[in-house]
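The sequence shown begins at 2 in the working numbering and counts up by one.
Beta carbons: idealized from backbone N, C-alpha and C, even for Gly.
In this text the structure is predicted, and so the values were computed from the model without any measurement.
Worksheet for the structure shown next.
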Amino acid sequence: MIFTETKLKGSFIIEIEKHEDERGFFGRSWCVNEMKDHGINMNILQANISLNKRKGTLRGMHYQLAPHQEAKLVRCSRGSIFDVIIDLRKDSQTFKNWIGVELTQENYKMLYIPEDFAHGFITLDNDSEISYLMSEIYVPDAGATIRWNDPLFNIKWPLEPKILSEKDKSQPDFEIK
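Right, dumping it as structure tokens:
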């Protein structure tokens, strides 16, 4: 596995180190030892799949409140997405900063998202499927959302969303508490 730390400390773009031959390739998409070597101590407690039928579907920006914060390992297994994370760690030098990464079925990249980050994505293709490995069980009452176009973060989405939930588009401006 090839780990590239992003500008948001503790978050990584992870690529499969491919061992290729005439049959195709083989590579690891999870290794607890390699994760620990990069400071990632993630116990996987839940796995989720999101299928999005239409290009321009936006989901996010979601996170879990304490004590139910969750780390995620996200991969696009079909189609493509622009995946976005926001650092919500108040003691972090990159607090309120965001990054976006294109995850596709062709590039096999994954994004490791630490606890206390908001996460969302927009689909770049029809029928995009996203797989998540989660460090915590989802707790509905601990779920929180930042509006996708909140001016505090000024996320530069690659296209205008066409489909999003009422919850995702109707959040008030984010307030730092």
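Buried/exposed call for residue i, threshold 16 Cβ in 10 Å
i	result
Asp92	exposed
Gly28	exposed
Thr58	buried
Ala241	Residue 241 lies beyond the residue range present for the chain, which begins at 2 and ends at 178; the question has no answer from this structure.
Glu137	buried
Ile41	buried
Val33	exposed
Cut-off 6 Å between Cβ atoms - residues of its own chain near residue i, not counting five sequence neighbours on either side
i	result
Glu116	Gln70, Ala72
Gln172	Thr146, Arg148
Ala143	Gln65, Leu66, His69
Glu35	Met2
Close beta carbons around residue i, own chain, < 8 Å, minus the five adjacent residues each side
i	result
Val140	Gln65, His69
Phe96	Asp88, Leu89, Arg90
Residue i: first and last residue of the uninterrupted beta strand (DSSP E) it sits in
i	result
Asn49	47-53
Glu6	3-6
Met111	111-114
Trp99	99-105
His20	20-22
Ser129	129-135
Residue i and residue j closer than 8 Å at C-beta
i	j	result
Ile123	Ser12	no
Tyr113	Leu74	yes
Phe83	Leu134	no
Met2	Ile15	yes
Asp128	Arg60	no
Phe175	Leu153	yes
Lys19	Phe26	yes
Residue i: first and last residue of the uninterrupted alpha helix (DSSP H) it sits in
i	result
Lys73	Where Lys73 is concerned, there is no enclosing alpha helix (DSSP H), although the beta strand (DSSP E) it sits in stretches over 73-79.
Val140	That residue, Val140, is in no alpha helix (DSSP H); it is neither H nor E in DSSP.
Asp169	167-170
Glu35	33-38
Own chain residues within Cβ distance below 7 Å of residue i, not counting five before or after
i	result
Thr218	Nothing about residue 218 can be reported from this structure: the residues present for the chain run from 2 to 178 only.
Leu9	Ile86, Asp88, Thr95, Asn98, Ile100
Residue i beta carbon near the ligand SAM (any heavy atom closer than 7 Å)
i	result
Lys19	Looking at this structure, you won't find the ligand SAM or any other ligand, since it has none at all.
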